[in-house]
Structure formats: structure tokens, C-alpha cells
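K.L.:
Here it is, the structure, as C-alpha cells.
Here you go:
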């Protein structure tokens, strides 16, 4: 297992670094997966927060995407086209990066079919991901496909500093030129990247449950 495979799940789970709040991210993903823009009020209801709290939380992730009506259309999972197609329950969506496609099935509790394009060769990669970690990735075409990973010094703008460097490639050879231009980056097999995704999803859900329990105790005390 690569060094980044052990470092990234912990680092990407730190809201103080990424700005991502599981208490907002997970409810937002579960709304966006229906394929429609999400209002601040909808997210506030789903997350059990006030609209002001939601706006403040979203502001911590400056890459969050909005439409011209101020509705949310993307945070990791997006309604806007990217190289990473993410099909779930008949909905054609997109993600900011290759790793997102391997994390989100666990957070959404839904299987997904992924189609991505190598930034080096332009060739297509297809991946199928189950919710059950025991079965996990059930299809990788071509079988030699890899995922690039980086560990930037700062992740305050997660899309530009991290996601934009996390791609699918058809093989290690396909990724070689890109890796040469990105010192410190690594390419790992899709199965290994999926293990990172499982661990990260587990961390995020654990934090979500812990925060919910804390809020419930505070509510009962008050």
C-alpha cells in the first residue's frame, strides 16, 4: 500500500483543513443525488440547522457550486459536467475527482457506475462500485486502470488543491507522463483507491453520528 493510501483518509477527514463538514456534506450529497439543485432551506431542514448556519458552513468550502438562483449544484458531487460521470439509480451526475467516485457510494448507500477519461490519453475508464465493502469494485475496464493521488501542503480549497489532480488513467504507463510533471504524486490501482474511499466514508459517517449524538445530548440538557 502506498504512503498516500495511509495518510489521505485521516487528512481528508479534518474539517479544519478541508472545510468539509460531514453534517452538511452528507445531507447535501443525499439531496443532490436526486439530480436537482438544492436550496439553502432544503439543506437546513435535512441537516437540522438554521439557514444561517448552513451558509456559514458552505462558505468554508469556497469551491461549492451554485446556480444563478443561489441554489447549490455541487460540492464533490455536482450537476455540472466534469470528466468523471457518476451514474446512480438512473441519475447521470458528475464528481469533482476520481476518488469521489469511490467514496460517495458508501456515503449515499447506493451502487454507482463510473465513466471517466484519462487526461493523458483521452481513453475511457469504466468502474462499477457496490455499497457493500465486501464486494466493493465489481468492474474495472481496463483492468490496468489506476488513480492518481496527491498530498498537497494545504487543502483549504479542496477542488483546486486536491481534486483537480486526482484522475483515472488507463494504466501506470498512461499515468507516467503526468506523474513526471507532478512531483510527489502517486498512481495506485483502483482497488487500492477504493480502500481509501471506504476508509474515508467510514470516518465521515462516524463523525456525522458522533456530532448528532452530541447535539442530541445538548438538546436534552437544554
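Numbering (the working numbering), first residue to last: 6 to 227. Note that the Cβ used here is the ideal one computed from N, Cα and C, for glycine as well. Here the structure is a predicted model, which means the values were calculated and not measured.
How long is the line joining the alpha carbons of residue 84 and residue 99, rounded to whole angstroms?
P.N.:
As a first step, residue 84 is located in the chain shown; it is residue number 79 there, counting from the start. As a first step, residue 99 is located in the chain shown; it is residue number 94 there, counting from the start. Their Cα atoms are separated by approximately 6 Å.
K.L.:
CB residue 14 to CB residue 208, shorter than 8 Å?
P.N.:
Here residue 14 refers to the residue found at position 9 of the chain shown. Here residue 208 refers to the residue found at position 203 of the chain shown. Contact flag set, yes.
K.L.:
In angstroms, rounded to a whole number, what distance separates the CA positions of residue 36 and residue 76?
P.N.:
Here residue 36 corresponds to residue number 31 of the chain shown, with the count starting at 1. Here residue 76 corresponds to residue number 71 of the chain shown, with the count starting at 1. Roughly 12 Å between the two C-alpha positions.
K.L.:
Are the stretch 88-99 and the stretch 52-66 in contact at 8 Å, needing three or more beta carbon pairs?
P.N.:
Result no; under three Cβ-Cβ pairs closer than 8 Å.
K.L.:
Hey, residue 155 and residue 199 are a contact pair by Cβ (cut 8 Å); roughly how many whole angstroms apart?
P.N.:
Position 150 of the chain shown, counted from the start, is the residue given in the question as residue 155. Position 194 of the chain shown, counted from the start, is the residue given in the question as residue 199. About 18 Å; that fails the 8 Å criterion.
K.L.:
Taking the alpha-carbon positions, what's the residue 4 to residue 148 distance?
P.N.:
Nothing about residue 4 can be reported from this structure: the residues present for the chain run from 6 to 227 only.
K.L.:
Suppose only complete runs of 4+ residues qualify. What are the alpha helix (DSSP H) ranges in the stretch 134-188, listed by chain order?
P.N.:
Runs found: 163-166, 177-185.
K.L.:
Which of helix, strand or coil does DSSP assign to residue 212?
P.N.:
If you number the chain shown from 1, residue 212 lands on position 207. Residue state, collapsed to three classes: helix.
K.L.:
Pairs of beta-carbons, one from the stretch 189-206 and one from the stretch 101-119, closer than 8 Å: are there three or more?
P.N.:
As far as the Cβ criterion goes, the stretch 189-206 touches the stretch 101-119, which means the pair count is three or higher.
K.L.:
If distances are taken between C-alpha atoms only, which option among 144, 17, 170, 50 comes closest to residue 108?
P.N.:
Reading the chain shown from its first residue, position 103 is the one you call residue 108. Cα-wise, what sits closest to residue 108 is 17.
K.L.:
Using 8 Å as the threshold, is the C-beta distance between residue 173 and residue 121 below it?
P.N.:
As a first step, residue 173 must be located in the chain shown, where it is residue number 168. As a first step, residue 121 must be located in the chain shown, where it is residue number 116. Yes, Cβ-Cβ distance for residue 173 and residue 121 is below 8 Å.
K.L.:
Tell me the residue span of the alpha helix (DSSP H) that contains residue 100.
P.N.:
Along the chain shown, one-based indexing puts residue 100 at 95. Element bounds for residue 100: not the alpha helix (DSSP H) but the beta strand (DSSP E), 96-100.
K.L.:
Can you name the start and end residues of the beta strand (DSSP E) that residue 194 belongs to?
P.N.:
The residue labelled residue 194 in the question sits at position 189 within the chain shown. 191-194 is the span of the beta strand (DSSP E), which, as asked, contains residue 194.
K.L.:
Hey, residue 23 and residue 163 are a contact pair by Cβ (cut 8 Å); roughly how many whole angstroms apart?
P.N.:
To locate residue 23, count along the chain shown from 1; it is residue 18. To locate residue 163, count along the chain shown from 1; it is residue 158. Correct: roughly 5 Å between the Cβ atoms.
K.L.:
Mapping the DSSP letters down to three states, classify residue 115 as helix, strand or coil.
P.N.:
Position 110 of the chain shown, counted from the start, is the residue given in the question as residue 115. Here residue 115 sits in coil by DSSP.
K.L.:
State the Cα-Cα distance for the pair residue 189 and residue 129, rounded to the nearest angstrom.
P.N.:
Taking the first residue of the chain shown as 1, we reach residue 189 at position 184. Taking the first residue of the chain shown as 1, we reach residue 129 at position 124. Between residue 189 and residue 129, the C-alpha separation is close to 25 Å.
K.L.:
Is it buried or exposed, residue 179, if we count other Cβ atoms within 10 angstroms and call 16 or more buried?
P.N.:
Here residue 179 corresponds to residue number 174 of the chain shown, with the count starting at 1. That one is buried.
K.L.:
Give the range of the beta strand (DSSP E) segment to which residue 80 is assigned.
P.N.:
Taking the first residue of the chain shown as 1, we reach residue 80 at position 75. Per DSSP, residue 80 belongs to the beta strand (DSSP E) from 77-80.
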